[in-house]
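S.K.: Quick one: the structure is below, questions incoming.
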Amino acid sequence: MADSVDVIVYTGEINSQGYEAVCEVLAKHKKSTKAVLVLATPGGNPHAGFRIARALQHGYETFDALIPRYCKSAGTLIVIGAAKLMMDDSSELGPLDVQVQKGDELLGRNSGLDIFQAVNYLQAQSMNAFRNYLMEFTRDGLSTRVASEIASGLTSGLFQPITAQIDPLKLAEMQRATEIAFEYGYRLNEKFGNMRTNGIQKLVTGYPSHGFVIDRKEARTIFLEVVRPEGFWSTVSTALRAEMDKNSSSTSPQVALYTFEVPSESSANEDTPDAAAGSGSPQAGDATDNGNCEAAG
């Protein structure tokens, strides 16, 4: 037995151009009710990532995600919307902290967690300093009240020049960016429910850096269905890995859709699948919205 599956290959940054390209290939080449998204990306715009995942959820009864190598940031947001995640031995996801532009810099970006980690670190260090001063002064015979006043003044003088550099508007911007990741994640998980309890919380706040590697073993602590690609899907992952990795950072994403007849899971180990003639060709240009994407919101 074989199932018809639309294989959507997305290579490059997650942005509005990529979303439009996904809409275009779905409108022109969609043939099946099942899809597998093969994704290689360094991340990008979370709003575009949400729209891409929504379009796939609306356009197909079910869609899985296959990660040949890298899928970071907004790419991780997209796979939250999938029913199942296929990760090879060298595959990796990244945390879901949204990137925010650095001041007036055109290309530089900060992780949405950077400022929160800095604030938490300063809070911990200031409490340690106050506690150490207080204990030292009370051991020297000062009363608790006097020792507290002196310790408070010394701690304030030590850390105030540092905390004064924190821009409250930037702090609010980072907070909004974090809330975006949470809210999009919760909404995308509603259809297939592949996230573990607190999985989104872990993706957004549970890792120390934006570049932290989430391999297949780690991904299983976040998602319910994470498997190694086997048979046909292993062949697809291996065949596409090098080329997709080479172009994964492109700001002009390449999107293509091909339809294959793939053995159903019950017969996947019996024969090597014969791929049907693929339909579609790489698409990366502008496209108007179509029914699938419009209805996806």
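Here my numbering is used: the first residue of the sequence shown is 28, the next is one more, and so on.
Just so you know, even glycine gets a beta-carbon here, dropped at the ideal spot from N, CA and C.
Pull up the DSSP beta-bridge partners for Q281, would you.
M.R.: T38
S.K.: Would you check if the distance between the CB atom of S118 and the CB atom of T286 is smaller than 9 Å?
M.R.: No, the pair does not count as a contact, with Cβ atoms beyond the cut-off.
S.K.: Using 9 Å as the threshold, is the C-beta distance between V282 and V106 below it?
M.R.: no
S.K.: Can you name the start and end residues of the beta strand (DSSP E) that I94 belongs to?
M.R.: T89 to I94
S.K.: Would Q84 pass as a contact of P280 if the rule is Cβ separation under 9 Å?
M.R.: no
S.K.: Here's the rule: buried if 16 or more other CB atoms are within 10 angstroms of the residue's CB, otherwise exposed. What is S294?
M.R.: For S294, the predicted structure reports a pLDDT of 40, less than 50, and the residue's modelled location is therefore unreliable. A value from the coordinates is still provided. An exposed status is given to S294, since fewer than 16 other beta-carbon atoms sit within 10 Å of its beta-carbon.
S.K.: Check whether the Cβ atoms of A67 and D91 sit closer than 9 Å, and answer yes or no.
M.R.: no
S.K.: Rounded to a whole number of angstroms, what is the C-alpha to C-alpha distance between G220 and G39?
M.R.: 26 Å
S.K.: Exposed or buried, V173, counting other C-beta atoms within 10 Å across all chains shown (16 or more means buried)?
M.R.: Per the 10 Å Cβ criterion, exposed.
S.K.: Check this for me: beta carbons of P122 and L230, under 9 Å apart or not?
M.R.: yes
S.K.: Tell me the residue span of the beta strand (DSSP E) that contains K61.
M.R.: K61 to A67
S.K.: From the DSSP output, read off the bridge partner residues of T286.
M.R.: D33
S.K.: Answer yes if the segment 232-248 comes into contact with the segment 259-278, meaning at least three C-beta pairs across the two stretches below 8 Å, and no otherwise.
M.R.: no
S.K.: State the DSSP-derived secondary structure class of M28, mapped to helix, strand or coil.
M.R.: Coil, per DSSP.
S.K.: Which value, in whole angstroms, describes the spacing of the CA atoms of S290 and K57?
M.R.: Looking at the sequence itself, residue 290 is Pro, so the reference to Ser does not match. In a straight line, the C-alpha of P290 is about 19 Å away from that of K57.
S.K.: Quick one: what's got a C-beta closer than 6 Å to F239's C-beta in the same chain, skipping five residues either side?
M.R.: P122, listed in sequence order.
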